[in-house]
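To keep things clear, I will list the structure first and then write my remarks on it.
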Amino acid sequence: MAVIRDMIAPFELYQPTGVDDALRLLEEHRADSWVLAGGLDSFDWFKDRIKRPAAVIDLGGVEALKGIREGADGGLEIGAMTSLADVAGDESVRDAYPLLAEAAGLVATPQIRNQGTLGGNLAQDTRCWYYRSGWPCYRAGGNICYAATPQSMNREHCILGASRCVAVNPSDTAPALVALDAEMFVARRGGEHQQAYAAADFFIGPAIDITRMTVLEPGDLLTHVVLPAPRPGARWYFEKVRDRKSWDFSLASVASALQMDGDRVADLRISVNGVAPYPVRCEAAEAVVRGQLPDDETGLAAGEAAVEDARPLRHNDYKIALMRNLVRRAVRDAA
Amino acid sequence: MEVVRLTVNGDERVCGVPAHYTLLETLRYGLGLTGSKQGCDKGDCGACTVVLDGKAVLSCLTPILEAEGRHVRTVEGLASGVEPHPLQDEFDLHGAAQCGFCTPGILCSAAALLDREPSPSREDIREALAGNLCRCTGYEKIYDAVEGAAARCRA
Ligand SMILES: Cc1cc2nc3c(=O)[nH]c(=O)nc-3n(C[C@H](O)[C@H](O)[C@H](O)COP(=O)(O)OP(=O)(O)OC[C@H]3O[C@@H](n4cnc5c(N)ncnc54)[C@H](O)[C@@H]3O)c2cc1C
Ligand code: FES
Ligand code: FES
Chain A
1 MAVIRDMIAP
11 FELYQPTGVD
21 DALRLLEEHR
31 ADSWVLAGGL
41 DSFDWFKDRI
51 KRPAAVIDLG
61 GVEALKGIRE
71 GADGGLEIGA
81 MTSLADVAGD
91 ESVRDAYPLL
101 AEAAGLVATP
111 QIRNQGTLGG
121 NLAQDTRCWY
131 YRSGWPCYRA
141 GGNICYAATP
151 QSMNREHCIL
161 GASRCVAVNP
171 SDTAPALVAL
181 DAEMFVARRG
191 GEHQQAYAAA
201 DFFIGPAIDI
211 TRMTVLEPGD
221 LLTHVVLPAP
231 RPGARWYFEK
241 VRDRKSWDFS
251 LASVASALQM
261 DGDRVADLRI
271 SVNGVAPYPV
281 RCEAAEAVVR
291 GQLPDDETGL
301 AAGEAAVEDA
311 RPLRHNDYKI
321 ALMRNLVRRA
331 VRDAA
Chain B
336 MEVVRLTVNG
346 DERVCGVPAH
356 YTLLETLRYG
366 LGLTGSKQGC
376 DKGDCGACTV
386 VLDGKAVLSC
396 LTPILEAEGR
406 HVRTVEGLAS
416 GVEPHPLQDE
426 FDLHGAAQCG
436 FCTPGILCSA
446 AALLDREPSP
456 SREDIREALA
466 GNLCRCTGYE
476 KIYDAVEGAA
486 ARCRA
């Protein structure tokens with residue numbers, strides 16, 4: 001539970017209506033800038049006065065960043081400012097990429113899905129409460145991880161991918177997009193530079209940069225996400241495990257996309273979130289499954305492979321069994 | 336200070352607020368509409384739920400300038416004069432409010448539901464209210480009341 005320290009520190013608010021204007025403002029204010037999407041994560045930081053940007057650039061009026069369109073090559077293009085409710089409810093997403101519709105539909109609560117955007121969900125910061133409470137941890141520029149001491153409360157933290165910091169990535173849409181092999185489009189330097197990132201490369205761990213969860217740096221704008229055309233014979237699975245059936249962040253979530261050849265798995269992607277600082281792509285598990293029947297035996301072997309390198313903290317060894325079983329079901333029960 | 340214009344419960348309202356104000360702060364401290372509750376102020380309770388352009392949202396995490404020019408419906412806008420909204424009447428009849436702190440937010444989530452789905456199933460109702468915490472009632476009486484109100488609105 002968050003504590004409200006005080007009123008929000010004043011900031012200069014900019015409300016551009018076009019992508020060009022937004023990019024120009026971001027370039028102008030760069031290090032002092034903050035992109036405001038649905039505000040759910042942003043205002044949480046502002047209210048605690050832990051993040052105090054001087055210039056807030058509100059994308060709410062930038063219509064070009066909203067909506068779901070047919071992309072090139074039969075894929076689908078989703079604007080970063082499309083609400084999670086719109087992603088979850090969209091016909092074409094539900095038809096062709098049901099695991100994304102499911103993932104978006106399991107985020108938080110109806111109100112939060114009405115307000116929260118896909119871009120904000122992907123770019124949101126970690127929810128480690130030591131860090132969110134403003135403790136001077138590694139991620140905040142200090143030299144200790146308060147979640148990894150013998151006294152720490154770390155039931156929700158990492159079993160994989162930690163490097164000094166053990167906070168996890170909280171996004172539910174992230175693993176779905178990794179499994180779908182989506183691409184994230186980022187514009188920077190006032191729009192001069194644009195780059196597409198494979199979903200798995202968009203998210204970064206503390207070994208690369210401990211202060212960020214994604215490739216996005218101050219001044220960067222995530223404009224849209226592109227989903228590749230669905231291939232015939234695809235199977236999907238998504239599951240989120242949380243303490244309560246509403247509201248809560250994932251303890252772990254799994255997404256898989258299987259490409260079948262007859263009754264065998266020709267190719268696949270499995271991603272698990274909530275267990276590492278980034279959505280993990282389970283390549284060892286995928287290798288076990290490739291060419292096999294997607295039955296319980298294969299699922300079990302895949303689950304074992306997925307947790308091979310997992311190391312628990314004091315209070316989260318349950319996550320190893322959880323991840324193993326989620327990967328098993330993501331292979332066995334994909335439909 | 337920013338001057339914002341928005342429609343609240345059908346009335347055009349103009350209010351001078353700091354740019355960092357939320358919709359909830361504007362309603363409560365700018366416009367004197369204290370029906371929407373400031374519970375957690377962080378997205379964790381739903382007590383501040385209002386209906387913005389037909390959709391239930393958390394006013395505590397809605398920047399006020401996001402609401403500029405839009406239509407906001409709060410619990411104060413449900414009744415028609417002295418005539419309570421069927422939801423309010425059914426909440427009364429079913430004893431669906433105890434301490435009442437969650438009630439304005441739940442009424443707003445339920446009103447948004449009935450506007451888009453006149454015949455909601457029990458599951459639809461549970462889903463629509465999944466973002467509103469109630470510490471007192473155990474929810475069943477609330478679901479009964481929303482079912483009752485839906486039937487009356489259809490009649
Ligand atoms: C109570 C609560 C429960 C939640 N539960 C869940 C859950 O179960 N699962 C889950 O996945 N999420 C959950 N969330 C997170 C919620 O979905 C995110 O906070 C929300 O999606 C953030 O999106 P937003 O649109 O509000 O973005 P904001 O809060 O405005 O932005 C979030 C961050 O992303 C950056 N950003 C946003 N858009 C862009 C862009 N286009 N380009 C560059 N940077 C950008 C912002 O600068 C900011 O740092 C929960 C949030 C709350 C408050
Ligand atoms: S006051 Fe609790 S969610 Fe807004
Ligand atoms: S009636 Fe008390 S919280 Fe719902």
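First to last, the protein sequences are chains A and B.
Per our numbering, the first sequence starts with residue 1, numbered consecutively.
Per our numbering, the second sequence starts with residue 336, numbered consecutively.
C-beta: ideal position from N, C-alpha, C; glycine also.
Please read all numbers here as calculations on a predicted model, not as lab measurements.
Asked                                                                                                                   : Found
Within chain B, partners of F249(A) - CB distance below 9 Å                                                             : Residues of chain B passing the Cβ test: none, with the nearest at roughly 12 Å.
Beta-carbon proximity of V57(A) to L36(A), cut-off 8 Å                                                                  : This sequence places Ile at residue 57(A); Val is not what is there. A contact, by the Cβ cut-off of 8 Å.
Beta-carbon proximity list for D479(B), same chain, < 6 Å, skipping 5 on both sides                                     : H429
Segment contact, 8 Å Cβ cut-off, at least three pairs: the region 119-137 of chain A with the region 284-301 of chain A : no
Same chain, Cβ closer than 8 Å to G494(B), five either side skipped, listed in chain order                              : Past the boundaries of the shown model lies residue 494(B); chain B is included only from 336 to 490, so the question cannot be answered.
Within-8 Å CB hit, L13(A) to chain B                                                                                    : yes
Neighbour flag for F238(A) against chain E, beta carbons, 8 Å                                                           : Among the protein chains in the structure shown, which are A and B, there is no chain E.
I496(B) - DSSP class collapsed to helix/strand/coil                                                                     : Residue coverage of chain B in this structure runs from 336 to 490, which leaves residue 496(B) outside it and unanswerable.
Closer than 8 Å to chain A by CB, K390(B)                                                                               : yes
Inter-residue spacing [alpha-carbon to alpha-carbon] between A485(B) and C443(B)                                        : 14 Å
Contact set between G39(A) and chain B, taken where Cβ atoms lie within less than 9 Å                                   : T357, L396, T397, P398, E401
8 Å CB neighbourhood of P353(B) in its chain, flanking five on each side removed                                        : M336, E337
Rounded straight-line distance, which links the Cα of Y146(A) to that of W135(A)                                        : 8 Å
Contact set, ligand 2 heavy atom to C-beta under 6 Å                                                                    : Q373(B), G374(B), C375(B), D376(B), G378(B), D379(B), C380(B), G381(B), A382(B), C383(B), L393(B), C395(B)
Per DSSP, cross-strand counterpart(s) of G79(A)                                                                         : H224(A)
Contact list for N114(A) against chain B, beta-carbon separation under 7 Å                                              : K390, A391, V392
Short-range partners of chain B found in the region 89-117 of chain A, where Cβ spacing is below 7 Å                    : T109, P110, Q111, I112, N114, Q115
Close Cβ partners of A101(A) (< 8 Å) along its chain, the five nearest in sequence each way excluded                    : V87, A88, G89, D90, V93, R94
Cβ shell of A62(A) (< 7 Å), same chain only, five flanking positions each side left out                                 : Per the sequence shown, the amino acid found at residue 62(A) is Val instead of Ala. Counting only Cβ-Cβ distances below 7 Å, and skipping sequence neighbours, we find P16, T17, G18, V19, A22, M81.
Among A72(A), A85(A), D73(A), I68(A), nearest to G336(A) - alpha-carbon criterion                                       : For chain A, the structure presents residues 1 to 335; residue 336(A) sits outside this window and is missing.
Segment contact, 8 Å Cβ cut-off, at least three pairs: the region 417-424 of chain B with the region 367-377 of chain B : no
Through-space distance from A301(A) to M1(A), alpha-carbon basis                                                        : Since pLDDT at M1(A) reaches only 40, below the 50 mark, its modelled position is unreliable, and the value read off the structure follows with that caveat. Straight-line Cα distance between these residues: approximately 39 Å.
Beta-carbon proximity list for R324(A), same chain, < 7 Å, skipping 5 on both sides                                     : G303, E304, A306, V307
Buried or exposed (CB count within 10 angstroms, at least 16 for buried), D125(A)                                       : buried
Where A266(A) falls: helix, strand or coil (DSSP)                                                                       : strand
Cβ-Cβ distance between S171(A) and N316(A) below 8 Å                                                                    : no
Inter-residue spacing [alpha-carbon to alpha-carbon] between I4(A) and D376(B)                                          : Interpretation of I4(A) is limited by its pLDDT of 46, a score under 50 that renders its predicted location unreliable; no figure is taken from the coordinates.
Contact with chain B by G60(A), beta-carbon distance below 8 Å                                                          : yes
Close beta carbons around R281(A), own chain, < 8 Å, minus the five adjacent residues each side                         : V178, A200, R269, I270, S271
Sheet register partners of N273(A) (DSSP bridge)                                                                        : S253(A)
Cβ contact (3+ pairs, closer than 8 Å) linking the region 207-223 of chain A and the region 250-264 of chain A          : no
Contact between the region 382-391 of chain B and the region 433-440 of chain B (3+ Cβ pairs under 8 Å)                 : yes
Beta-ladder partner(s) of I68(A), from DSSP                                                                             : I78(A)
R242(A) versus E156(A): straight-line alpha-carbon distance, rounded                                                    : 10 Å
Closer than 7 Å: N121(A) CB and nearest ligand 1 heavy atom                                                             : yes
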